[in-house]
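First the structure, in the form of C-alpha cells, and then the observations on it.
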Amino acid sequence: MRQSLSLFNTLTRRVEPVAPISEGQISLYTCGPTVYNFAHIGNLRTFLFQDLLKRAFRAAGYDVRHCMNITDVEDKIIRDSQGALAAGASNEERHAAMKALTDRFTTIFLEDLDNLRIQRADHLPKATDYIPQMIRLVQDLEVKGLAYAREGSVYYRIAGLPQYGCLAHLDREGMQAGASVDADEYERDSVTDFVLWKSAKPGEPWWDSPWGHGRPGWHIECSAMGMELLGDRVDIHSGGVDLIFPHHENEIAQSEGCLGHRWVNHWVHGEFLMVEGQKMAKSLGNFFTLRDLVAKGVDPIALRYAIQSNHYRKVLNFSFEGLRAAENSLKRIRAFRKRMEGEGQTGGGPWAEALDPKARLDQARLAFGSALADDLNTPEALAAIFTLISDLNAQDDHVALTREERDAVLAFLDETDAVFAAWPHETASLDTEVEALIEARRAAKGGKNWAEADRVRDQLKALGIVLEDRKDGTTGWRRF
RNA sequence: GGCGCCGUAGCCAAGUGGUAAGGCCCGGGACUGCAAAUCCCGUAUGCAUCAGUUCGACUCUGAUCGGCGCCUCCA
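In this note's numbering, each residue's number is its place in the first sequence (first place is 1) plus 200.
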C-alpha cells in the first residue's frame with residue numbers, strides 16, 4: 201500500500217504531489233558537503249531534512265535511490281590545502297595535499313551522519329572521480345552553442361537558455377542589478393554568465409582538458425554526477441534554500457541545456473537555522489558543530505529531534521532551551537515505549553471512557569501518515585503520536601492493554617521511528633550486575649530499609665537507569 | 001531597486017472562512033515509604049496592529065509596524 205506524498209516545489213512555489221517517473225521508485229539527488237571543514241549544525245539541519253525526506257518516502261512504500269555528492273575540489277579546498285606546499289610543487293603533490301584534506305573531512309562528515317542516524321546515500325560520488333563526465337558535459341554544451349571558451353576557461357551563455365531564472369524566479373534585469381564583479385573572473389560575454397571550467401592558475405592543482413590545464417566549475421559537478429548516476433530524468437533534487445540561486449539554477453541550465461528537456465521534476469529546499477535568535481557566525485560565538493554540542497553533553501539524537509520537530513521550510517531558531525524541551529519530549533515517548541514493552545497492570549476495572557485501542561491506533565497511524573504526506577508536516581505527525589500516548593496511557597491505567605494490543609502499539613512506534621529515528625527499540629538486556637542491584641533494592645524494601653533502597657536506586661541512576669515501582673510490587677526500569 | 005518569507009500562550013509550534021492541535025515549562029490534586037512514571041484539573045474569549053470583504057476571519061484583501069532571506073561564496 202503506497203501513499204502519495206506532496207511536497208512544496210520551488211519551481212512552481214506550490215505544494216504538489218510527487219508523481220514518480222518510474223512506478224514505486226523515487227530518484228533523489230541531494231547536494232552534499234564541501235569537505236574542507238567540520239559541518240556545522242546549520243549544514244546538518246539540511247542533511248537531517250533530506251534524511252527525513254528519504255525516510256518518509258521509504259515509509260510510504262517507495263523504493264528510493266539516493267545520490268549525495270561529496271565536493272572534493274573547490275576554491276576553498278584549494279585555499280586550505282595548498283598553503284604548506286612549495287611554489288614549485290608538482291601537480292601530483294598538489295592533488296595529494298588536496299586529497300589529504302578532503303579525505304579527512306569526508307570521514308568526519310560521515311561520522312556526524314552516523315551519530316545523527318542519517319542514512320547513507322546509495323551513491324556518494326566524489327567530484328574528482330567524475331572529471332571525464334564533467335568535461336564531456338562542457339563539450340556538449342559547447343557544441344550546442346551554450347558554452348564558450350575564453351583564455352582556457354569555459355563559460356555558460358545564459359542568453360542561450362530561455363528558461364534561465366525559472367527556479368529562482370529572477371529575471372535578467374534583476375540579476376544584472378545585483379550582480380557583482382568577481383575579480384577572479386576572466387572575460388565573459390555577460391557578467392551573469394557563469395564558469396563551467398576554470399583554467400588553472402600557478403600553484404593550483406589541475407586536470408588536463410581540451411581547454412588546457414584546469415578544474416571543474418562550481419556547478420558542473422552536480423549536473424554531471426546526477427545525470428551519470430540517476431539518469432536523464434530525476435524525481436527530486438534538494439538542498440538548502442541558499443542553493444536555489446545560483447547553484448540549482450545553474451544546474452538546470454547545464455543539464456537541461458544538454459538534455460533538451462526537463463531534468464528534475466521536483467525541487468525541494470530546506471530553510472536555514474539561526475542560533476539564539478541570531479544568524480550563526482563564528483564572530484558571534486554561536487557557531488556550533490556537532491562535536492561542539494556533544495562536548496557540551498548534548499545527545500545528537502536530541503538535536504535530531506529538536507530539528508525535526510520543526511517544519512523544514514521554516515527558519516529554525518536553535519537554542520539550548522529548545523534542546524532541553526526536545527530531550528524531555530523524547531523521554532515521554534521512550535517511557536511510553538517501555539511501558540508498552542512491559543505487561544499491563546491488573547486491577548483497573550471498568551472505565552466509562554474506555555476506547556478501542558486498535559481503532560485508536562489506526563486513527564493515529566492515519567493521522568501520522570497524512571501529516572507526513574502533506575509536505576512533511578512533522579509537527580503534526582508528532583502530535584498524532586503524543587495524543588495517542590495520552591489516550592493509551594490513560595486507558596492502560598484503567599483497563600490494561602492486552603499483550604496483543606501492546607505489540608500492535610510497539611509496531612506503530614517502530615514504524616514512526618523508521619522516520620524519526622529517535623525512539624528505537626532498546627535491545628540491550630540488563631547486565632547481571634544491574635539485575636543484582638534491583639534485587640538488592642527489593643530486599644532492602646522488604647525490610648523497610650529505605651536508606652539502603654534509595655542508595656541502590658541512586659547507584660542505578662548513576663548508571664543511567666531510572667526505576668519505576670509498579671503497583672504489583674515489581675520494578676520497571678528505563679534509560680534516561 | 002527586484003523577488004520572496006515570517007510574526008499564534010512563558011518557550012517551541014501545527015492549523016482552518018465557522019469559532020485555537022501537540023510538545024516543553026509552570027500551578028493544584030490522585031497514586032507512591034519517598035521517588036519515578038502515569039492520570040485528573042488549570043494555564044491564548046484570542047492568533048503583531050489598523051481598516052476592509054463576509055452571516056461569520058486567526059484563516060481572504062489592503063495598509064502599517066516588527067523580524068528574516070535571496071538577487072555574490074554560503075546548508
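Think of the CB as a built atom: it goes at the ideal place given N, C-alpha and C, for glycine as much as any other residue.
Predicted model, so just to flag it, every value in this text is computed and none were measured.
- Contact between the stretch 306 to 316 and the stretch 437 to 454 is absent: fewer than 3 CB-CB pairs across the two stretches fall below 8 Å.
- Under the Cβ criterion (8 Å, minimum of three pairs), the stretch 453 to 469 counts as touching the stretch 337 to 350.
- Secondary structure in the stretch 441 to 476: the beta strand (DSSP E) runs of 3 residues or longer, each lying completely within the stretch, are 464 to 470 and 473 to 475 in chain order.
- Considered as a whole, the stretch 251 to 276 harbours 263 to 268 as its complete beta strand (DSSP E) runs of no fewer than 3 residues, in chain order.
- For Asp280, the closest alpha carbon among the candidates Ile331, Phe520 and Pro405 is that of Pro405.
- Around the C-beta of Glu449, 16 or more other C-beta atoms lie within 10 Å, and the residue is accordingly described as buried.
- Here His266 is buried, its C-beta having at least 16 other C-beta atoms within 10 Å.
- Residues Ala526, Leu530 and Ala622 of the same chain have their beta carbon placed closer than 6 Å to that of Tyr505, with the five preceding and five following residues left out of the count.
- Per DSSP, reduced to three states, the secondary structure at Trp397 is strand.
- For the pair Asp672 and Glu541, the Cα-to-Cα distance works out to about 16 Å.
- Apart from sequence neighbours up to five positions away, the residues of its chain that approach Asn577 with a beta-carbon distance below 8 Å are His511 and Ala571, ordered along the chain.
- Annotation: Leu582 to Ala260 spans about 16 Å, alpha carbon to alpha carbon.
- Under the rule that a run must span 4 or more residues, the alpha helix (DSSP H) segments found entirely inside the stretch 465 to 543 read 490 to 495, 500 to 508 and 520 to 541.
- Of the residues Pro325, Met427, Asp499 and Thr489, the one whose Cα lies closest to the Cα of Arg462 is Met427.
- Burial state of Glu635 is exposed, judged by a 10 Å Cβ sphere holding fewer than 16 other Cβ atoms.
- Look at Leu310 here: in three-state DSSP terms it is helix.
- If you look at Pro579, you'll find it in the alpha helix (DSSP H) that goes Thr578 to His598.
- The alpha carbon of Gly676 has as its nearest neighbour, out of Arg655, Thr392, Val619 and Arg537, the alpha carbon of Arg537.
- In the structure shown, the three-state DSSP call for His295 is helix.
- Per DSSP, reduced to three states, the secondary structure at Phe568 is helical.
- Taking C-beta atoms under 8 Å as the contact rule, Leu396 and Ile358 fail to qualify, at a distance of about 11 Å.
- Per the C-alpha coordinates, the member of Leu610, Ile638 and Val619 positioned closest to His625 is Leu610.
- Under the three-state reduction of DSSP output, Val218 falls in the coil class, being neither helix nor strand.
- In this structure, DSSP gives Lys645 a helical state, which the three-state scheme calls helix.
- Spatial neighbours of Leu367 in its own chain (CB-CB distance under 8 Å, excluding positions within 5 residues in sequence) are listed in chain order as Thr210, Leu211, Ile444, Phe445, His448, Glu449, Ile452 and Trp467.
- Taking the Cα of Ile277 as reference, the smallest distance to any Cα among Thr234, Phe257 and Glu293 is reached at Thr234.
- Relative to the Cα of Gln595, the nearest Cα in the group Phe680, Glu553, Phe612 and Ile585 belongs to Glu553.
- In this structure, DSSP gives Ala554 a state outside helix and strand, which the three-state scheme calls coil.
- C-alpha of Gln282 to C-alpha of Gly242: approximately 27 Å in a straight line.
- If you ignore the 5 residues before and after Ile335, its C-beta comes within less than 6 Å of the C-beta of Ser409, all in its own chain and listed in chain order.
- Within the same chain, Ser353, Gly414, Arg415 and Gly417 come within 7 Å of Lys398 by CB-CB distance, once the 5 residues on both sides are set aside.
- Annotation for Leu324: Met268 and Ile270 place their beta carbon closer than 7 Å to its own, counting only its chain and skipping 5 residues before and after.
- Per DSSP, reduced to three states, the secondary structure at Pro332 is helical.
- For Gly426, there is no enclosing beta strand (DSSP E); the enclosing alpha helix (DSSP H) covers residues Ile420 to Leu430.
- When secondary structure is reduced to three states using DSSP, Lys326 falls in the strand class.
- With contacts defined by Cβ atoms closer than 8 Å, Leu228 and Lys254 form a contacting pair.
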